[in-house]
Amino acid sequence: MAEKPILLTGAAGALGRWLRPRLVEKYGKLRVSDKIDPAPLGKGEESVVADISSFEQVSRAVAGTRAIIHFGAYSIEAKWETILPANIVGTYNVYEAARLHGVKRIIFASSNHAIGFHETTEKLDADSLQKPDGYYGVSKAFGENMGSMYVDKFGFEVACLRIGSALPEPKDPRHLSTWLSYPDLFRLVTACLDSTRLRFAVLYGMSRNKRSWWDNSKVPEVDYRPEDNAEDYAAQILSHGDNRDPKLPSTRFMGGPYCDIDYLKR
Ligand code: 15L
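Residue numbers (our numbering): 558 to 823.
Right under this line is the structure:
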């Protein structure tokens, strides 16, 4: 029987578009899904258009796949009414549709904003406490906890990627700690897909940054070997110094600018 495709949600987004051809090249078959048509399709791709907040539509996207890379979400801080359908209901829909269709492996795009209110002087690992820095961060913490529950109750295999700043290049002083290059993102996602020992894993989505605040060493079951380092851009980024106010939440805490939102009103 022919191998079933892997499903990528959020396939029309920047990270999805970058990953697609590389995933197809490695795994042969990819089903891409988004609420807008993620066309044009490449060789090896099939598409199911689905609004993540509709269980019926998500279920159609999930049926007949063998693993899910769940990147579909509202991807920045927003009001609760925006986060709820896309990130809370949507994430439930993906896990529950996976259970009904017998798909056990989910790679969940969490975010550094699930731990955004940790001080930048700390070093975090897989066991560090969640400390969301807004509704978006809460939704990512929720997605991690749903994953944990589906692992323990239903035997899922879930990797939660606390993605830092996934960008072609780091652009500001914070990124020297949080940057995740696109090639390293691909290495991370494929290491999770290929792991033969995955149960529940929390990994920081970061490159091999010299100034990193995070540590993935407690997750040896995922053989992630990042190759890029934000330090290569440090001289350029810091050419006019680091002019951030050390007292601002955006400087003190890992989540950066998200930590300033509403904080200063209290
Ligand atoms: C994220 O999770 C967001 O999706 C992205 O837009 C950035 O804000 C990034 O985190 C970051 O913290 O740099």
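For every residue, glycine included, the Cβ atom is placed at its ideal position computed from N, Cα and C.
| Query | Result |
| --- | --- |
| Considering only C-alpha positions, which residue in the set 773, 722, 589 and 621 is nearest to residue 629? | 589 |
| Taking a cut-off of 6 Å, which residues have a beta-carbon closer than that to any heavy atom of the ligand PLP, in chain order? | This structure lacks the ligand PLP; the ligands present are the ligand 15L. |
| Quick check on residue 773 - is its C-beta less than 7 Å from some C-beta in chain C? | Absence of chain C from the displayed structure is noted, only one protein chain being present. |
| Residue range of the alpha helix (DSSP H) that residue 762 falls in? | First-last for residue 762: 757-762, but that is the beta strand (DSSP E), not the alpha helix (DSSP H). |
| Inspect the beta-carbon positions of residue 550 and residue 667 and report whether they are closer than 7 Å. | Here the chain comprises residues numbered 558 to 823, so residue 550 is not present and cannot be evaluated. |
| Identify whether residue 711 lies in helix, strand or coil by the three-state DSSP scheme. | helix |
| Please list the segments of the alpha helix (DSSP H) lying wholly inside the stretch 622-676, counting only runs of 4 or more residues, in order along the chain. | 637-640 and 647-657 |
| DSSP on residue 784, reduced to helix/strand/coil? | coil |
| Can you tell me whether DSSP reads residue 789 as helix, strand or coil? | helix |
| With a CB to CB cut of under 7 Å and the five nearest residues on each side skipped, what residues in its chain are close to residue 766? | 733, 734, 736, 786, 787 and 788 |
| Which residues mark the beginning and the end of the beta strand (DSSP E) in which residue 566 is found? | 563-566 |
| By the 10 Å Cβ neighbour count, where 16 or more other Cβ atoms means buried, how is residue 797 classified, buried or exposed? | exposed |
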